[in-house]
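These protein sequence lines map, in sequence, to chains S and P. Going by our numbering, the residue at position 171 of the first sequence is 1185; the numbering climbs one at a time, nothing skipped. Going by our numbering, the residue at position 45 of the second sequence is 1059; the numbering climbs one at a time, nothing skipped. From the three backbone atoms N, C-alpha and C, an ideal C-beta is built for every residue, glycine too. As the structure is a computational prediction, the values presented were derived from the model and not from experiment. Accompanying notes for the structure given below.
2 protein chains.
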Amino acid sequence: MVLTDRQVLILQVIVDDFIRTAQPVGSRSLSKKESISFSSATIRNEMADLEELGFIEKTHSSSGRIPSEKGYRYYVDHLLLPQKLNTSEIMTVKSIFAERIYELEKIVQKSARILSDMTNYTSIVLGPAVQDNKLKKLQIVPLTADTAIAIIVTDTGHVENRMFHFPSNVDPGDVEKMVNILNERLSGVPIVDLNSSIYKEVATLLRQHINNYDLLLNSIAQTLDIPSSEKVFFGGKTNMLNQPEFNDLAKIRSLMAMIEQEDGISQLIRKNPQGINVKIGRENNNTAMENCSLITATYSMGEEKLGTIAVLGPTRMEYSRVISLLKYISADLSKVLTDLYQNK
Amino acid sequence: MVLTDRQVLILQVIVDDFIRTAQPVGSRSLSKKESISFSSATIRNEMADLEELGFIEKTHSSSGRIPSEKGYRYYVDHLLLPQKLNTSEIMTVKSIFAERIYELEKIVQKSARILSDMTNYTSIVLGPAVQDNKLKKLQIVPLTADTAIAIIVTDTGHVENRMFHFPSNVDPGDVEKMVNILNERLSGVPIVDLNSSIYKEVATLLRQHINNYDLLLNSIAQTLDIPSSEKVFFGGKTNMLNQPEFNDLAKIRSLMAMIEQEDGISQLIRKNPQGINVKIGRENNNTAMENCSLITATYSMGEEKLGTIAVLGPTRMEYSRVISLLKYISADLSKVLTDLYQNK
DNA sequence: TTTAGCACTCGTGGTCACAGAGTGCTAACA
DNA sequence: TGTTAGCACTCTGTGACCACGAGTGCTAAA
């Protein structure tokens, strides 16, 4: 069950070659590689063993070999040499942060675009989970006689706004008073807890100061209760169309439908733990992803995990390069975000 | 050059049939239609004339005929009978406005989704041009020692926010004073004019009240000067993959690249005048759109044009149905928006 | 003017032969 | 005993060929 050095070498060269060319690799072409000094017949024997062990497979009975998912897995787990980014790549990554942008969302979005440009795969970035942010300021701007906008600013500078319906008989002065009280009491409370905190901590206070407080309070509390979904940013959604494994319409359709839907894929990404994660083909548990691999990396602010940055490519993707890139970008991202918002 | 009644009839049936089946239409199958009472030989003669006039064409020398772009143009201009929406369709459209949503963007977005669902084409909606909105309220929320968020609320309830860098030595009290003055003076000013108005109308006033007013003013004015791009919403980006004319990878690639890019297509849509517009194939002046038609409709609030709602389909699209739908939805949209925001 | 008939064209789908790339196996070799 | 050369075999892809069907254009008759 344990592979000999020579088998490992052959597996490595097969995977490398297939990643580069997308063509099944035959014994003859392998024997010509400079890192390989034995004959094609020997290689055929070794390949037969590797196939029996499940690391490689044939596309038809007399074809060259391609890596199986198990083969990729072994490659990723044991054979990956971290690839150094060259200077031009580093420059490109740095350019994400070159402009003086302060908005978290924009930075994150730009990361997605650059990542997909650099890899020619599809990149997906989960924005920070607003739920865990803390309230910085709540403001209410009346719009018409019976509508107003509630604006929530979080400590990371995220702004969320929602329009809501006003009870008809409220005094504008009361609204202002109420907003003041809410800000005083709820500043620093995580967004996700806002609703419950209102009732627990502020209700009694409000009752003392404001007429009809319950009506008004209800409509505001309701407004704040709408879950704010994590934002998902894509880069290079159509890059996969250029991959040779997707010259099949049916595959394209199911993959594009999956990407278009956004929900499914963000689920898939979200559930990955901290750090770098590689999911190969069916490891993703999703039929549309059968020929795809997903590599995810988390970014954070200080200790707190903020979001995930991911690359979706064919199983035949350049694992080494993508992982290096992801490590680099997520580290940079974390650093910039930490510097920006941590020192309050 | 002017078509006989019979030629018009034949053209109409050819277009209708081709739109339905995506198959070239032959003289024999035409002669079997109940609306047609003459023989296939007669039809062949008429078709030869129609081809000479440029209304229809062959895919190869012995194939049936398909409409040319000129043919579609004639069909759209002269032969289109407005199609009544059936009750279930009307219900579906109404459902856009069923929930009590007040946010303009959400309504617009939902329209796009429903439109693409109903047509199986791609829908594109240009959100309202924020530039023309008027300032309702400006607020500034300090975030860290040297950053703050400027929040702009417009009269339509649109909220725009931007983070910006603070000059280091400003007094928080001054900021507040300044915001008050700005709100007093700039309320009602179109967003696009904010920057110039600040210097023209408010600068002198500020000078009297605030230390270091110029530094602070500059950074705020700069922030407000960032153009806020019109938002573009898509529905059913991948619907085109299911159209039989796009079983060609090259076509799919160029089309998807075009859709993905968003900018080009929003340009294309933006330049259409008020009302319903149909652009067929190369009329769009864009190689990626060669086999596509674009139908646009504008929506408005009162008299003021707000945005555009569009459907992108193959040239072989159901013009009649899509036009009816667009008319209906854009009218409803205009009505709802007018009701919502006009009565301030 | 309309229509029936006929020869002709082109695309599609199937079969076939063949070259090329690759394999597995056997036997010889170090 | 591990390695290699050689050979028969397999599968794919391609191009040639053919038959079929749908459709056309043209001619001549109604």
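**Report entry** Where the beta strand (DSSP E) containing A1422(S) begins and where it ends
**Finding:** Residue coverage of chain S in this structure runs from 1015 to 1358, which leaves residue 1422(S) outside it and unanswerable.
Query raised in the report: Are there 16 or more other CB atoms within 10 angstroms of the CB of V1336(S), so buried, or fewer, so exposed?
Result: Taking the first sequence and counting its residues from 1, the one referred to as residue 1336(S) is at position 322. V1336(S) comes out buried.
Query raised in the report: Does the distance from the C-beta atom of N1147(P) to that of I1205(P) stay below 7 Å?
Result: The residue given as residue 1147(P) occupies position 133 in the second sequence. The residue given as residue 1205(P) occupies position 191 in the second sequence. Yes, these two residues count as a Cβ contact at 7 Å.
Query raised in the report: Taking 7 Å as the CB-CB cut-off, is N1175(P) touching chain S?
Result: By 1-based counting over the second sequence, the position of residue 1175(P) is 161. Answer yes: the Cβ-Cβ gap between N1175(P) and chain S drops below 7 Å somewhere.
Query - Beta-carbon contacts of K1358(S) that lie in its chain and below 6 Å, excluding the five residues immediately before and after - result: Walking along the first sequence from the start, residue 1358(S) turns up at place 344. Interpretation of K1358(S) is limited by its pLDDT of 45, a score under 50 that renders its predicted location unreliable; the figure taken from the coordinates is listed afterwards. Excluding sequence neighbours, K1358(S) sits near nothing in its chain.
Requested in this report: Tell me, please, whether the CB atom of L1157(P) is closer than 7 Å to any CB atom in chain S?
Outcome: Within the second sequence, residue 1157(P) is the residue found at index 143, counting from 1. By this cut-off, L1157(P) is an interface position.
**Report entry** Which of helix, strand or coil DSSP assigns to Q1288(S)
**Finding:** One-based indexing of the first sequence puts residue 1288(S) at position 274. Reduced to three states, the DSSP call for Q1288(S) is coil.
Requested in this report: Could you tell me whether the stretch 1174-1194 of chain P touches the stretch 1215-1232 of chain P, using the rule of 3 or more Cβ pairs below 8 Å?
Outcome: yes
Report task. Please name the residue in A1264(P), I1343(P), S1054(P), I1266(P) whose C-alpha comes closest to that of T1322(P). Result -> In the second sequence, the residue the question calls residue 1322(P) occupies position 308. Checked all of A1264(P), I1343(P), S1054(P), I1266(P); the closest Cα to T1322(P) is I1343(P).
Query - At least 3 beta-carbon pairs within less than 8 Å: the stretch 1030-1042 of chain P vs the stretch 1075-1083 of chain P - result: yes
Query raised in the report: Which of the residues in the stretch 1259-1289 of chain P, read from start to end, lie with their CB under 7 Å from any CB of chain S?
Result: N1261, L1263, I1266, R1267, M1270, A1271, E1274
Query raised in the report: Would N1209(P) pass as a contact of D1239(P) if the rule is Cβ separation under 7 Å?
Result: Working through the second sequence from its first residue, we reach residue 1209(P) at position 195. Working through the second sequence from its first residue, we reach residue 1239(P) at position 225. For N1209(P) and D1239(P), yes; Cβs fall inside 7 Å.
Report task. Could you have a look at Y1135(S) and say whether DSSP puts it in helix, strand or coil? Result -> Position 121 of the first sequence, counted from the start, is the residue given in the question as residue 1135(S). Correct three-state label for Y1135(S): coil.
Query raised in the report: Can you find a C-beta in chain P that's less than 7 Å from the C-beta of Q1153(S)?
Result: Locating residue 1153(S) in the first sequence gives position 139, where the first residue counts as 1. Yes, its Cβ sits closer than 7 Å to a Cβ of chain P.
**Report entry** Touching by the beta-carbon criterion (3+ pairs, under 8 Å), the stretch 1292-1301 of chain P and the stretch 1101-1118 of chain P
**Finding:** no
Report task. Determine whether the Cβ of K1251(S) lies closer than 7 Å to any Cβ atom of chain P. Result -> Position 237 of the first sequence, counting from 1, holds the residue named residue 1251(S). Chain P contact via Cβ: present.
Report task. In angstroms with no decimal places, state the Cα-to-Cα distance between L1044(P) and Q1026(P). Result -> In the second sequence, residue 1044(P) corresponds to position 30, counting from 1. In the second sequence, residue 1026(P) corresponds to position 12, counting from 1. Roughly 11 Å between the two C-alpha positions.
Query raised in the report: What runs of the alpha helix (DSSP H), each 4 residues or longer, lie entirely inside the stretch 1261-1332 of chain S?
Result: 1263-1275, 1277-1284
Query - Contact set between L1255(P) and chain S, taken where Cβ atoms lie within less than 9 Å - result: As a position in the second sequence, residue 1255(P) is number 241, starting the count at 1. In chain order: L1263, I1266, R1267, M1270, A1271.
Query raised in the report: Contact check, S1268(S) vs V1246(S) under 8 Å by CB: the rounded distance?
Result: Taking the first sequence and counting its residues from 1, one reaches residue 1268(S) at position 254. Taking the first sequence and counting its residues from 1, one reaches residue 1246(S) at position 232. Actually they do not touch by this definition, with Cβ atoms about 19 Å apart.
Query - Residue-level contact to chain P via CB, K1358(S), 7 Å cutoff - result: Residue 1358(S) sits at position 344 when you count from the first residue of the first sequence. In this prediction, K1358(S) scores a pLDDT of 45, lower than 50, which makes its location untrustworthy; the coordinate-derived value is nonetheless stated afterwards. True, the Cβ-Cβ gap to chain P drops below 7 Å.
**Report entry** Segment contact, 8 Å Cβ cut-off, at least three pairs: the stretch 1053-1069 of chain S with the stretch 1091-1111 of chain S
**Finding:** no
Query raised in the report: Considering only C-alpha positions, which residue in the set V1090(S), Y1089(S), V1144(S) is nearest to L1320(S)?
Result: Reading the first sequence from its first residue, position 306 is the one you call residue 1320(S). Minimum Cα distance to L1320(S) is reached at V1144(S).
Query - Segment contact flag, the stretch 1259-1268 of chain P with the stretch 1253-1267 of chain S, C-beta cutoff 8 Å, min 3 pairs - result: yes
Query - Where A1217(S) falls: helix, strand or coil (DSSP) - result: Reading the first sequence from its first residue, position 203 is the one you call residue 1217(S). In this structure, A1217(S) counts as helix in the three-state DSSP scheme.
**Report entry** Cβ pair count under 8 Å reaching 3, the stretch 1127-1139 of chain S against the stretch 1191-1204 of chain S
**Finding:** no
Query - Nearest residue (CA-CA) to Q1236(S), options Y1333(S), M1061(S), I1163(S), S1051(S) - result: Looking up residue 1236(S) in the first sequence gives position 222. Taking only the C-alpha atoms, the option nearest Q1236(S) is I1163(S).
Query raised in the report: Mapping DSSP to helix, strand and coil, what is T1168(P)?
Result: One-based indexing of the second sequence puts residue 1168(P) at position 154. T1168(P): strand per DSSP, three-state reduction.
Query raised in the report: Under 7 Å between the Cβ atoms of S1307(P) and I1294(P)?
Result: Position 293 of the second sequence holds residue 1307(P). Position 280 of the second sequence holds residue 1294(P). A contact, by the Cβ cut-off of 7 Å.
Report task. Kindly list, in the order they appear in chain P, the residues whose Cβ is closer than 9 Å to that of G1327(S). Result -> As a first step, residue 1327(S) is located in the first sequence; it is residue number 313 there, counting from the start. Near G1327(S) there are no residues of chain P at all, since even the closest Cβ is about 17 Å away, more than 9 Å.
Query - Helix, strand or coil at A1162(P) according to DSSP, with G and I counted as helix - result: Numbered from 1 along the second sequence, position 148 holds the residue referred to as residue 1162(P). It is a strand residue.
**Report entry** When K1120(P), T1106(P), G1141(P), L1149(P) are compared against L1129(P), the one with the closest alpha-carbon
**Finding:** For the purposes of this step, residue 1129(P) is taken as residue 115 along the second sequence, with counting starting at 1. Measuring from the Cα of L1129(P), the nearest candidate turns out to be T1106(P).
Query raised in the report: Between T1218(P), L1229(P), T1168(P), which lies nearest to V1203(P) when the distance is taken from Cα to Cα?
Result: By 1-based counting over the second sequence, the position of residue 1203(P) is 189. Checking every option, the nearest Cα to that of V1203(P) belongs to T1168(P).
Query raised in the report: Which residue's Cα is closest to the Cα of I1234(S): Q1288(S), R1199(S), I1154(S), E1244(S)?
Result: One-based indexing of the first sequence puts residue 1234(S) at position 220. I1234(S) has its Cα closest to that of I1154(S), out of Q1288(S), R1199(S), I1154(S), E1244(S).
Query raised in the report: What did DSSP end up calling P1258(P) once you bin it into helix, strand or coil?
Result: For the purposes of this step, residue 1258(P) is taken as the residue at position 244 of the second sequence. If DSSP states are grouped into helix, strand and coil, P1258(P) belongs with the helices.
Query raised in the report: Which of helix, strand or coil does DSSP assign to S1080(P)?
Result: To locate residue 1080(P), count along the second sequence from 1; it is residue 66. The displayed chain sequence assigns Ile, not Ser, to residue 1080(P). Three-state result, I1080(P): strand.
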